[in-house]
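Add 2 to a position in the sequence shown, counting from 1, and you land on the number used in my numbering.
Where a beta carbon is used, it is the ideal one built from N, C-alpha and C, also for glycine.
What follows is a short report on a single structure.
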Amino acid sequence: MYDQYVMIKEFKEFSTGALLKIANQELLESYTSSQLLGLYTFIWGKDADLNIEIDGISLTVKKNKIVVLTPNQYFRFVDGSNVIVYQFNREFYCIKDHDKEVSCMGVLFFGNSVIPIIDLDEKNSNKLDLLHQIYLDELDTVDTIQAEMLRMLMARFIITTTRLIKQQDNFDKVRDQVDILREFNALVEFNFRKEHSVGFYAEKLFKSPKTLSNYFAKFEKSPLQIIHDRIILEAKRLLIYTNKTAKEIAYEIGFDDASHLSRMFKKHTSLSPSEFKRQL
(Lines of atoms letter the chains of each structure in order from A; the text may use other names.)
(Lines give C-alpha, C1' and ligand atoms only; values in the text may rest on other atoms or scores of the structure.)
Protein backbone atom coordinates (compact mmCIF):
# COMPACT_ATOMS: atom_id res chain seq x y z
CA MET A 3 0.00 0.00 0.00
CA TYR A 4 2.67 2.49 1.05
CA ASP A 5 4.95 1.80 -1.91
CA GLN A 6 2.44 3.48 -4.20
CA TYR A 7 3.00 6.95 -2.79
CA VAL A 8 5.89 6.91 -0.34
CA MET A 9 9.38 7.04 -1.75
CA ILE A 10 11.72 9.19 0.29
CA LYS A 11 10.29 12.24 2.04
CA GLU A 12 12.55 14.59 3.98
CA PHE A 13 12.10 17.42 6.43
CA LYS A 14 15.09 19.70 6.94
CA GLU A 15 15.38 22.64 9.30
CA PHE A 16 18.33 24.72 8.19
CA SER A 17 18.45 26.86 11.33
CA THR A 18 19.13 23.83 13.55
CA GLY A 19 20.39 21.18 11.12
CA ALA A 20 17.40 18.97 11.99
CA LEU A 21 16.71 16.10 9.60
CA LEU A 22 13.78 13.66 9.39
CA LYS A 23 13.32 11.03 6.68
CA ILE A 24 10.22 8.91 6.09
CA ALA A 25 10.53 6.37 3.31
CA ASN A 26 10.01 2.88 2.00
CA GLN A 27 12.67 0.31 1.09
CA GLU A 28 14.09 2.64 -1.56
CA LEU A 29 15.96 4.38 1.25
CA LEU A 30 17.32 1.04 2.50
CA GLU A 31 18.62 0.21 -0.97
CA SER A 32 21.32 2.82 -0.44
CA TYR A 33 22.72 0.48 2.24
CA THR A 34 23.73 -2.37 -0.08
CA SER A 35 27.09 -2.45 1.70
CA SER A 36 27.61 -2.03 5.44
CA GLN A 37 27.86 1.58 6.49
CA LEU A 38 27.42 3.65 9.61
CA LEU A 39 23.76 4.65 9.99
CA GLY A 40 24.47 8.04 11.54
CA LEU A 41 20.75 8.45 12.32
CA TYR A 42 18.24 7.01 14.76
CA THR A 43 16.31 4.48 12.68
CA PHE A 44 13.02 2.57 12.86
CA ILE A 45 12.42 -0.10 10.19
CA TRP A 46 8.95 -1.64 9.97
CA GLY A 47 8.49 -4.63 7.67
CA LYS A 48 4.76 -4.50 7.02
CA ASP A 49 3.88 -7.84 5.49
CA ALA A 50 7.11 -9.62 4.58
CA ASP A 51 10.25 -10.75 6.37
CA LEU A 52 13.15 -8.31 6.33
CA ASN A 53 16.74 -9.56 5.91
CA ILE A 54 19.40 -7.18 7.17
CA GLU A 55 22.89 -7.14 8.62
CA ILE A 56 23.74 -5.20 11.78
CA ASP A 57 27.34 -4.79 12.89
CA GLY A 58 28.32 -7.70 10.66
CA ILE A 59 25.63 -10.05 12.03
CA SER A 60 22.85 -11.30 9.73
CA LEU A 61 19.32 -10.90 11.07
CA THR A 62 15.87 -11.85 9.79
CA VAL A 63 13.08 -9.64 11.14
CA LYS A 64 9.70 -11.33 10.79
CA LYS A 65 6.82 -9.46 9.17
CA ASN A 66 4.91 -6.80 11.11
CA LYS A 67 7.77 -6.13 13.49
CA ILE A 68 9.78 -2.96 14.01
CA VAL A 69 13.55 -3.06 14.46
CA VAL A 70 15.16 -0.10 16.26
CA LEU A 71 18.72 1.00 15.46
CA THR A 72 21.06 3.69 16.77
CA PRO A 73 23.37 6.07 14.86
CA ASN A 74 26.57 4.23 15.85
CA GLN A 75 25.52 0.90 14.32
CA TYR A 76 26.70 -0.40 10.95
CA PHE A 77 23.84 -1.51 8.73
CA ARG A 78 23.36 -3.41 5.46
CA PHE A 79 20.06 -4.07 3.69
CA VAL A 80 19.78 -7.52 2.10
CA ASP A 81 16.15 -7.73 1.00
CA GLY A 82 12.59 -6.90 1.98
CA SER A 83 9.48 -5.24 0.60
CA ASN A 84 6.67 -2.95 1.73
CA VAL A 85 8.87 -1.38 4.38
CA ILE A 86 8.34 1.83 6.34
CA VAL A 87 11.48 3.62 7.50
CA TYR A 88 11.81 6.54 9.91
CA GLN A 89 15.21 8.19 10.34
CA PHE A 90 16.10 11.31 12.28
CA ASN A 91 19.11 13.02 13.81
CA ARG A 92 19.77 14.44 17.26
CA GLU A 93 18.98 17.95 16.06
CA PHE A 94 15.48 16.89 15.04
CA TYR A 95 14.70 14.99 18.23
CA CYS A 96 17.23 14.62 21.03
CA ILE A 97 16.60 11.28 22.75
CA LYS A 98 18.67 12.32 25.76
CA ASP A 99 16.97 15.68 26.28
CA HIS A 100 13.46 14.21 25.89
CA ASP A 101 13.94 11.08 27.96
CA LYS A 102 11.69 12.29 30.80
CA GLU A 103 8.98 12.67 28.19
CA VAL A 104 9.38 9.38 26.28
CA SER A 105 11.41 7.10 28.64
CA CYS A 106 13.16 5.26 25.80
CA MET A 107 16.84 5.59 26.76
CA GLY A 108 18.25 2.18 27.57
CA VAL A 109 15.13 0.45 26.22
CA LEU A 110 14.68 1.43 22.57
CA PHE A 111 18.06 3.11 22.26
CA PHE A 112 21.44 2.33 23.83
CA GLY A 113 20.27 -0.83 25.55
CA ASN A 114 23.71 -2.39 25.05
CA SER A 115 22.31 -5.92 24.88
CA VAL A 116 20.01 -7.25 22.18
CA ILE A 117 18.68 -5.25 19.24
CA PRO A 118 15.15 -4.06 20.13
CA ILE A 119 12.50 -5.67 17.93
CA ILE A 120 8.89 -4.67 18.55
CA ASP A 121 6.15 -7.20 17.83
CA LEU A 122 2.89 -5.62 16.63
CA ASP A 123 -0.56 -7.10 17.00
CA GLU A 124 -3.42 -5.99 14.75
CA LYS A 125 -4.62 -3.27 17.11
CA ASN A 126 -1.23 -1.59 17.49
CA SER A 127 -0.42 -2.07 13.84
CA ASN A 128 -3.57 -0.15 12.95
CA LYS A 129 -2.72 2.53 15.51
CA LEU A 130 0.73 3.08 13.99
CA ASP A 131 -0.75 2.96 10.47
CA LEU A 132 -2.97 5.89 11.39
CA LEU A 133 -0.06 7.78 12.93
CA HIS A 134 1.94 7.15 9.74
CA GLN A 135 -0.81 8.68 7.61
CA ILE A 136 -0.86 11.77 9.84
CA TYR A 137 2.93 11.98 9.53
CA LEU A 138 2.74 11.92 5.73
CA ASP A 139 0.05 14.61 5.67
CA GLU A 140 2.11 16.80 8.00
CA LEU A 141 5.21 16.44 5.81
CA ASP A 142 3.19 17.95 2.97
CA THR A 143 1.92 20.81 5.14
CA VAL A 144 4.58 23.51 5.11
CA ASP A 145 3.84 26.22 7.65
CA THR A 146 5.35 27.87 10.73
CA ILE A 147 4.42 25.03 13.11
CA GLN A 148 5.40 22.11 10.87
CA ALA A 149 8.61 21.35 12.79
CA GLU A 150 6.79 21.38 16.12
CA MET A 151 4.07 19.07 14.76
CA LEU A 152 6.59 16.60 13.34
CA ARG A 153 8.50 16.45 16.63
CA MET A 154 5.27 15.91 18.53
CA LEU A 155 4.38 13.02 16.21
CA MET A 156 7.83 11.48 16.70
CA ALA A 157 7.40 11.73 20.48
CA ARG A 158 4.06 9.94 20.13
CA PHE A 159 5.62 7.21 17.97
CA ILE A 160 8.51 6.68 20.40
CA ILE A 161 6.20 6.58 23.43
CA THR A 162 3.97 3.99 21.72
CA THR A 163 6.85 1.73 20.67
CA THR A 164 8.55 2.05 24.08
CA ARG A 165 5.33 0.98 25.83
CA LEU A 166 5.02 -2.01 23.48
CA ILE A 167 8.55 -3.28 24.01
CA LYS A 168 8.22 -2.86 27.78
CA GLN A 169 5.01 -4.89 27.72
CA GLN A 170 6.43 -7.70 25.61
CA ASP A 171 9.51 -7.97 27.83
CA ASN A 172 7.44 -7.77 31.05
CA PHE A 173 9.31 -4.68 32.20
CA ASP A 174 6.36 -3.54 34.30
CA LYS A 175 6.99 -6.39 36.75
CA VAL A 176 10.41 -5.01 37.63
CA ARG A 177 9.81 -1.30 37.11
CA ASP A 178 12.36 -0.03 39.67
CA GLN A 179 15.11 -2.25 38.30
CA VAL A 180 14.29 -1.21 34.75
CA ASP A 181 14.62 2.49 35.56
CA ILE A 182 18.09 1.84 36.99
CA LEU A 183 18.94 -0.39 34.02
CA ARG A 184 17.89 2.32 31.57
CA GLU A 185 19.98 4.95 33.31
CA PHE A 186 22.95 2.61 33.58
CA ASN A 187 22.82 1.66 29.88
CA ALA A 188 22.63 5.31 28.85
CA LEU A 189 25.57 6.22 31.09
CA VAL A 190 27.63 3.36 29.65
CA GLU A 191 26.88 4.49 26.10
CA PHE A 192 28.14 8.00 26.73
CA ASN A 193 31.12 7.11 28.94
CA PHE A 194 32.44 3.64 28.02
CA ARG A 195 35.39 5.03 26.05
CA LYS A 196 36.86 6.47 29.25
CA GLU A 197 35.20 4.74 32.19
CA HIS A 198 35.45 0.95 32.53
CA SER A 199 34.70 0.38 36.22
CA VAL A 200 31.33 -0.34 37.84
CA GLY A 201 32.25 2.08 40.61
CA PHE A 202 32.10 5.10 38.30
CA TYR A 203 28.56 4.28 37.12
CA ALA A 204 27.37 3.33 40.60
CA GLU A 205 28.50 6.72 41.89
CA LYS A 206 26.65 8.50 39.06
CA LEU A 207 23.50 6.59 40.02
CA PHE A 208 24.01 7.28 43.75
CA LYS A 209 24.31 3.55 44.48
CA SER A 210 27.04 1.35 45.84
CA PRO A 211 28.53 -1.16 43.34
CA LYS A 212 26.97 -4.00 45.37
CA THR A 213 23.51 -2.39 45.34
CA LEU A 214 23.81 -1.78 41.62
CA SER A 215 24.68 -5.45 41.06
CA ASN A 216 21.63 -6.46 43.10
CA TYR A 217 19.40 -4.42 40.79
CA PHE A 218 20.72 -6.47 37.88
CA ALA A 219 20.02 -9.82 39.56
CA LYS A 220 16.82 -10.38 37.56
CA PHE A 221 18.56 -9.71 34.26
CA GLU A 222 20.97 -11.86 32.28
CA LYS A 223 24.11 -9.77 32.71
CA SER A 224 25.97 -8.02 35.50
CA PRO A 225 26.90 -4.32 35.27
CA LEU A 226 30.52 -5.24 34.53
CA GLN A 227 29.46 -7.60 31.74
CA ILE A 228 27.40 -4.83 30.13
CA ILE A 229 30.38 -2.46 30.24
CA HIS A 230 32.67 -5.09 28.75
CA ASP A 231 30.14 -6.05 26.08
CA ARG A 232 29.91 -2.43 24.95
CA ILE A 233 33.72 -2.15 24.78
CA ILE A 234 34.02 -5.36 22.77
CA LEU A 235 31.23 -4.31 20.40
CA GLU A 236 33.03 -1.04 19.68
CA ALA A 237 36.34 -2.85 19.20
CA LYS A 238 34.68 -5.22 16.71
CA ARG A 239 33.14 -2.33 14.78
CA LEU A 240 36.49 -0.57 14.51
CA LEU A 241 38.28 -3.77 13.49
CA ILE A 242 35.67 -4.59 10.83
CA TYR A 243 35.01 -1.17 9.38
CA THR A 244 38.26 0.80 9.79
CA ASN A 245 41.94 0.26 9.09
CA LYS A 246 42.98 1.16 12.64
CA THR A 247 45.45 -1.10 14.37
CA ALA A 248 44.59 -2.98 17.55
CA LYS A 249 46.82 -0.56 19.45
CA GLU A 250 45.05 2.50 18.03
CA ILE A 251 41.67 0.97 18.84
CA ALA A 252 42.74 0.21 22.41
CA TYR A 253 43.73 3.85 22.98
CA GLU A 254 40.48 5.07 21.39
CA ILE A 255 38.43 2.95 23.80
CA GLY A 256 40.36 4.18 26.84
CA PHE A 257 43.07 1.57 27.42
CA ASP A 258 46.54 2.89 28.19
CA ASP A 259 47.95 -0.58 27.55
CA ALA A 260 46.74 -2.36 24.40
CA SER A 261 47.37 -5.74 26.02
CA HIS A 262 44.50 -5.08 28.47
CA LEU A 263 42.00 -4.78 25.61
CA SER A 264 43.57 -7.80 23.90
CA ARG A 265 43.01 -9.98 26.98
CA MET A 266 39.42 -8.80 27.38
CA PHE A 267 38.75 -9.30 23.67
CA LYS A 268 40.15 -12.84 23.70
CA LYS A 269 38.10 -13.72 26.78
CA HIS A 270 34.91 -12.67 24.98
CA THR A 271 35.65 -13.98 21.46
CA SER A 272 38.41 -16.62 21.91
CA LEU A 273 40.45 -14.55 19.45
CA SER A 274 42.93 -11.73 19.85
CA PRO A 275 42.03 -8.49 17.99
CA SER A 276 44.64 -9.24 15.32
CA GLU A 277 43.32 -12.81 14.88
CA PHE A 278 39.78 -11.47 14.61
CA LYS A 279 40.93 -8.97 11.96
CA ARG A 280 42.69 -11.70 9.95
CA GLN A 281 39.55 -13.87 9.99
CA LEU A 282 37.62 -11.08 8.31
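- When secondary structure is reduced to three states using DSSP, Thr62 falls in the strand class.
- In the three-state reduction of the DSSP assignment, Tyr95 falls in the coil class, being assigned neither a helical nor a strand state.
- Linking Gly40 to Thr72 through their CA atoms gives a straight-line distance of about 8 Å.
- For Ile242, no beta strand (DSSP E) encloses it; the enclosing alpha helix (DSSP H) starts and ends at Pro225 to Tyr243.
- Counting only residues of its own chain and dropping the five nearest sequence neighbours on each side, His134 has a CB closer than 7 Å to the CB of Ile86.
- Taking the Cα of Gly58 as reference, the smallest distance to any Cα among Glu236, Arg158 and Lys11 is reached at Glu236.
- In this chain, the beta strand (DSSP E) harbouring Asn53 covers Leu52 to Ile56.
- Under the Cβ criterion (8 Å, minimum of three pairs), the region 186–198 counts as touching the region 206–221.
- Gln89 and Ile45 have their C-alpha atoms spaced approximately 9 Å apart.
- Distance check between Leu263 and each of Leu282, Leu241, Gly201 and Gln281 places Leu241 closest, using alpha-carbon atoms only.
- Rounded to the nearest whole angstrom, the CA to CA distance from Lys102 to Ile228 is 23 Å.
- Judged by DSSP in its simplified three-state form, Thr43 adopts strand.
- Beta-carbon to beta-carbon, Tyr33 and Phe77 are separated by about 5 Å, close enough to satisfy the 8 Å threshold.
- For Gln148, the CB contacts under 7 Å within the same chain, skipping 5 residues up- and downstream, are Glu140 in chain order.
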